[in-house]
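Below: one structure, written as structure tokens.
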Amino acid sequence: MKRPVSLLAALLLAAGGALATASHAGAADCPSGEFCAWTEANYGGQRMNASGDDGWWESYIADEDSSWANHGISGPGVKDHVQVYERSTSHPLGRGDMTICLRPGDEVGYNATANDRGDSHTWAMGC
Ligand SMILES: [Ca+2]
Ligand SMILES: [Ca+2]
26 MKRPVSLLAA LLLAAGGALA TASHAGAADC PSGEFCAWTE ANYGGQRMNA
76 SGDDGWWESY IADEDSSWAN HGISGPGVKD HVQVYERSTS HPLGRGDMTI
126 CLRPGDEVGY NATANDRGDS HTWAMGC
């Protein structure tokens, strides 16, 4: 009869953890050290996240990106900015215009210029 009790305790702990995450004021849900983009504004819909460069985004996020967050870690000589481009790096015309650039810690809930245009991103020293 011990098992159901410990299972319930585990569920309660899991629920408490979820609530603690949700109440983290104003912060986009993006892992530390990573760049994230969401298909909907204000960090909604599907999320992509990457700690490195991605020259060709998956189809679910390509030209669907509507909010972004840079949770990269800063440091001397570290590429801590994220540049998003309108095309993939393998496109015959090149990656094209930079649609948005995020400084370390930037969270952008919506941007009309960049909305639904991104196809790739790269970490950089600046914008
Ligand atoms: Ca979108
Ligand atoms: Ca595009």
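Numbers 26 to 152, taken from this note's numbering, label the letters of the sequence shown in order.
Glycine included, C-beta positions come from ideal geometry on N, C-alpha and C.
| query | result |
| --- | --- |
| Between the alpha carbons of Asp90 and Glu83, how many angstroms are there, rounded? | 11 angstroms |
| Please indicate yes or no: does the CB of Ser91 lie closer than 7 angstroms to some heavy atom of ligand 1? | yes |
| CB-CB under 7 angstroms to Asp78, same chain, minus the five flanking residues each way: which ones, in chain order? | His146, Thr147, Trp148 |
| Taking all protein chains shown into account, do 16 or more other C-beta atoms lie within 10 angstroms of the C-beta of Tyr154, making it buried, or fewer, making it exposed? | Coverage of the chain is limited to positions 26 through 152, which leaves residue 154 absent and any answer about it impossible. |
| Quick one: what's Val133 bridged to in DSSP? | Trp93 |
| From which residue to which residue does the beta strand (DSSP E) around Ala149 run? | 145-149 |
| Which residues end up in the neighbourhood of ligand 2 when you take C-beta atoms closer than 5 angstroms to any of its heavy atoms? | Asp88, Glu111, Arg142, Asp144 |
| State the Cα-Cα distance for the pair Trp93 and Gly119, rounded to the nearest angstrom. | 22 angstroms |
| With DSSP as the reference, label Tyr68 as helix, strand or coil. | coil |
| Using DSSP bridges, identify the partner residues of His116. | Answer is none; His116 lacks a bridge partner. |
| Would you tell me roughly how many angstroms separate the C-alpha atoms of Ala137 and Ser115, rounded to the nearest one? | 25 angstroms |
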